[in-house]
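Residue numbers (the UniProt record's numbering): 1 to 396.
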């Protein structure tokens, strides 16, 4: 749909429909996406948008989010809203607006943007940062929409863009936030308010709960400002796993990491996904104690299985190798989504495979590990977000 900027010139002290005192200037652009977030009623900086918003250098952009599928989104639902300076043609799994004019109004760290619902209640939003895709740059937010979106239905939210010097992180945290990878500080990271599970691995001093080391781990991880380093060794395992199981049904697991490429055929193994790794004869640990993938039906993973194919992950669900994908050592978003009847694999928000093979359990730990790869894994964050209906992000 078209996006219209609403510019306001008058402050009034009583409720009045905004159509009375607003000037509409067509900006245009197409939006795709949908998310759910808990709403909380607060006093907005210049009033509830349904009544009055002042200052000619700021604008409110209504965004109509349409769930075109015949099933509802989960509640709550995390919606991505991306503002791009070009057309990325990324497919139906990611929502974006192609609007260079709007893109240029946004501070590069996202600090002058927040979102509200149709009642003027601020929504939890997390600014992921800038995505560069085939030469196009996008500012990417995840917005938590608490009630979700019914099947074949729409909801409208509003994007408020202040002047470039406005800082809504300091004003409205924890409703408005961004990770340390964007801001250089974790002070305004509100990912735990937005996602179903969230752990940032930047600027840590020890492994956070509920994370521990995989079976037969050889060396401790080390910590840096933007990531945690999972080292490599010439023998034995290196990696981390959770001590608790997560409900992964109707969720997407996201692991943001730089994973080394390797061509080894002996002990080289890399695995990231869901499944146990705390003992022998588990999903990620073989009978001899080494790292594997597909040891039983209870898991799913991106895995390099000492194949000799440099930069190639096999895609596992249970004990089945259901496909493969190429990868490189650059920071990459790896995702696995789970419904009751499908498993989805995505890389950088693009679906690369869907299969009717599903894991034997939807209550599983999260694991990231390697064995003899020759290089470090740099882990930025791990999160769970709600699976869009049929893995199709609602459009806007």
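Virtual Cβ for every residue (Gly too), placed ideally from N, Cα, C. Please read these numbers as outputs of a predicted model, since none were measured by experiment.
### Task
Give me whichever residues DSSP pairs with residue 386 in a beta bridge.
251
### Query
How would you label residue 193, buried or exposed, when you count the other beta carbons within 10 angstroms and need 16 or more for buried?
buried
### Query
Looking only at its own chain, which residues have a Cβ that is under 8 Å from the Cβ of residue 353, when we skip the five neighbours before and after it?
315, 322, 323, 325, 344 and 345
### Query
Does the beta-carbon of residue 301 have 16 or more other beta-carbons within 10 angstroms, so that it is buried, or is it exposed?
buried
#### Entry: Start-end ranges of the alpha helix (DSSP H) lying completely within the region 58 to 111, minimum 4 residues
100 to 103
### Query
In three-state terms, what does DSSP make of residue 270?
strand
### Query
In angstroms, rounded to a whole number, what distance separates the CA positions of residue 368 and residue 214?
Cα-Cα distance, rounded: 9 Å.
### Query
With 16 as the cutoff for other CB atoms within 10 Å, does residue 388 come out buried or exposed?
That one is buried.
### Message
Spatial neighbours of residue 222 within its chain, please: C-beta separation below 8 Å, excluding the five flanking residues on both sides.
### Response
228, 229 and 231, listed in sequence order.
### Task
Give every residue of the same chain whose Cβ lies closer than 7 Å to the Cβ of residue 174, excluding the five residues on either side of it in the sequence, and list them in chain order.
Once the five neighbours on either side are set aside, the close Cβ partners of residue 174 are 190 and 193.
### Query
Any idea what DSSP makes of residue 191, helix, strand or coil?
helix
### Task
Would you mind stating whether residue 339 and residue 262 have Cβ atoms separated by less than 9 Å?
The beta carbons of residue 339 and residue 262 sit no closer together than 9 Å.
### Query
What residue range is occupied by the uninterrupted beta strand (DSSP E) comprising residue 183?
No beta strand (DSSP E) contains residue 183, which is instead part of the alpha helix (DSSP H) from 180 to 183.
### Query
Would a C-beta distance cut-off of 9 Å place residue 145 and residue 116 closer than the cut-off?
no
### Query
Does the beta-carbon distance from residue 81 to residue 106 come in below 9 Å?
no
### Query
Under the rule that 16 or more other beta-carbon atoms within 10 Å means buried, what is residue 177, buried or exposed?
buried
### Task
Can you tell me which of the three DSSP states residue 175 falls into?
coil
### Query
Quick one: is residue 33 buried, meaning 16 or more other Cβ sit within 10 Å of its Cβ, or exposed?
Legend: pLDDT at residue 33 = 34, less than 50; position of this residue unreliable, no value from coordinates given.
### Query
Leaving out five residues before and five after residue 84 in sequence, what residues of the same chain have Cβ atoms less than 6 Å from its Cβ?
96, 98, 136 and 138
### Task
Check whether the Cβ atoms of residue 383 and residue 195 lie closer than 9 Å to each other.
yes
### Option in 147, 204, 134 and 235 with minimal Cα separation from residue 181
204
### Task
With DSSP as the reference, label residue 169 as helix, strand or coil.
helix
### Query
Straight-line CA distance for residue 251 to residue 342?
Roughly 11 Å between the two C-alpha positions.
### Query
Can the beta-carbon of residue 280 be found closer than 9 Å to that of residue 289?
yes
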